[in-house]
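Encoded as structure tokens, the structure appears first; notes follow it.
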């Protein structure tokens, strides 16, 4: 077993044998290192990027651990860019669907993989069904939603001790006797150089000769998280004047917003709805800076090395902050925020309306 070092925060812990600490409460066997893990991944893009931090912690702790990732369709591509993942297993079930028959069929197929450990990152009952039906001996997750019989390594979630989503993910990968690491690594997604060239070729693009600024004006969660379109237009105009090339990123759901920005600022390149998620991963790696709402693309950009400026209004910064070292978050900290609502309950949306583009520009060279 590798010895902890000062440079490795994930291993900062009292010395003890793995056999001693990795003993789930309801598992009576005597454990050495776990060998095969099935990680049940989240459906949100941002959450899946944060889950990569857990993978780094697991690999540092158990270097020989083989990790397979079970992921919903929306986040499967991200698993393919995580170096620690041996195999990505698509869960062919749409968001919110129970689909008991499909889950049970997949669980039967996974029994032959001999997993000795499963971690359920989502807190839903349905996320724990496949590990249970697959007869994986140790099934770890937070208590709740009637999962008492499905999980046998149940953890109590203390939201005060674990305020960030990434802290909660990492806690599920550590034995309960060990303290939470004081420092965590930043998420990392690999960039496919060949795939990047292929995406540029498909879109008829070349790498800009000027510094590239990526703008991500969408947010899957709801309109309250979105910076006003007029602010994006003002920012895009100012960036062009400062000598940046400006590309707009977003899913097909964001295309209406990106079209409006591009119509007002013809010099920008509108990629809204024109790239796959993997293409967005590779192209965001070209951006010197990314300005984004609190969204999945914000986390993706940081994980591929772009400097991130993140705009926060209704969502709690302390729960899902940008995690890269080269990231800054802007928020007004109004008395009414963060409210956590999809739409502003006070109808004024000041937390985003009053966050002026000049605040972003002051952070740029």
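In my numbering, the protein residues as written are 6 to 370.
C-beta: ideal position from N, C-alpha, C; glycine also.
Note that the structure is predicted; figures quoted are calculated from it, not measured.
By DSSP, does residue i sit in helix, in strand, or in coil?
i           : result
residue 357 : helix
residue 141 : coil
residue 119 : coil
residue 242 : helix
residue 237 : helix
residue 306 : helix
residue 301 : helix
residue 314 : strand
residue 135 : helix
residue 217 : strand
residue 92  : strand
residue 44  : strand
residue 255 : coil
residue 105 : helix
residue 111 : helix
residue 350 : coil
residue 369 : coil
What span of residues does the alpha helix (DSSP H) with residue i cover, start to end?
i           : result
residue 82  : 81 to 84
residue 201 : 198 to 208
residue 57  : 50 to 66
residue 269 : 260 to 269
residue 362 : 362 to 366
residue 171 : 170 to 177
residue 286 : 282 to 289
Nearest CA to the CA of residue i: which residue from the options?
i           : options            : result
residue 270 : 204, 361, 143, 240 : 240
residue 143 : 119, 161, 335      : 119
residue 267 : 94, 285, 238, 360  : 238
residue 288 : 210, 93, 190, 189  : 210
residue 57  : 333, 290, 308, 281 : 308
residue 174 : 345, 324, 332      : 324
residue 100 : 53, 82, 48         : 48
residue 234 : 159, 298, 149      : 298
residue 333 : 60, 315, 169       : 315
residue 39  : 141, 107, 125, 137 : 141
residue 171 : 366, 46, 357, 283  : 46
residue 55  : 280, 260, 87, 200  : 87
residue 280 : 201, 134, 117, 217 : 201
residue 121 : 127, 114, 136      : 136
residue 187 : 344, 340, 62, 155  : 62
residue 112 : 126, 127, 133      : 133
residue 43  : 59, 345, 50, 51    : 59
residue 251 : 102, 262, 127, 293 : 293
residue 217 : 107, 196, 245      : 245
residue 366 : 357, 247, 177      : 247
residue 361 : 64, 232, 348, 349  : 232
Using the C-alpha atoms, what's the distance from residue j back to residue i?
i           : j           : result
residue 68  : residue 41  : 12 Å
residue 355 : residue 131 : 38 Å
residue 153 : residue 337 : 41 Å
residue 193 : residue 89  : 10 Å
residue 146 : residue 181 : 12 Å
residue 321 : residue 312 : 21 Å
residue 295 : residue 249 : 12 Å
residue 179 : residue 123 : 13 Å
residue 214 : residue 284 : 20 Å
residue 1   : residue 229 : Lying before the first or after the last residue shown, residue 1 is absent from the chain, which here runs from 6 to 370.
residue 318 : residue 162 : 25 Å
residue 168 : residue 363 : 30 Å
residue 330 : residue 191 : 7 Å
residue 204 : residue 82  : 15 Å
residue 198 : residue 50  : 22 Å
residue 339 : residue 236 : 19 Å
residue 139 : residue 114 : 8 Å
residue 225 : residue 264 : 17 Å
residue 346 : residue 184 : 33 Å
residue 107 : residue 116 : 15 Å
If I follow the unbroken beta strand (DSSP E) through residue i, where does it start and stop?
i           : result
residue 336 : Taken as a continuous stretch (DSSP letters only), residue 336 belongs to no beta strand (DSSP E), as it is neither H nor E.
residue 295 : 294 to 298
residue 98  : Where residue 98 is concerned, there is no enclosing beta strand (DSSP E), given that its DSSP letter is neither H nor E.
residue 74  : 71 to 76
residue 247 : No beta strand (DSSP E) holds residue 247; DSSP gives it neither H nor E.
residue 152 : Looking at the DSSP string, residue 152 is not in any beta strand (DSSP E), and its letter there is neither H nor E.
residue 158 : 158 to 160
- Task: Could you tell me whether the region 287 to 307 touches the region 211 to 229, where touching means 3 or more Cβ pairs closer than 8 Å?
- Result: The region 287 to 307, when compared against the region 211 to 229, does touch it at the 8 Å Cβ threshold.
- Query: Is it a yes or a no for the region 271 to 284 touching the region 249 to 261, going by three-plus beta-carbon pairs under 8 Å?
  - Reply: Result yes; three or more Cβ-Cβ pairs closer than 8 Å.
- Task: Count the C-beta pairs between the region 74 to 82 and the region 91 to 100 that are closer than 8 Å, then say yes if the count reaches three, no if not.
- Result: At 8 Å Cβ cutoff, the stretches touch.
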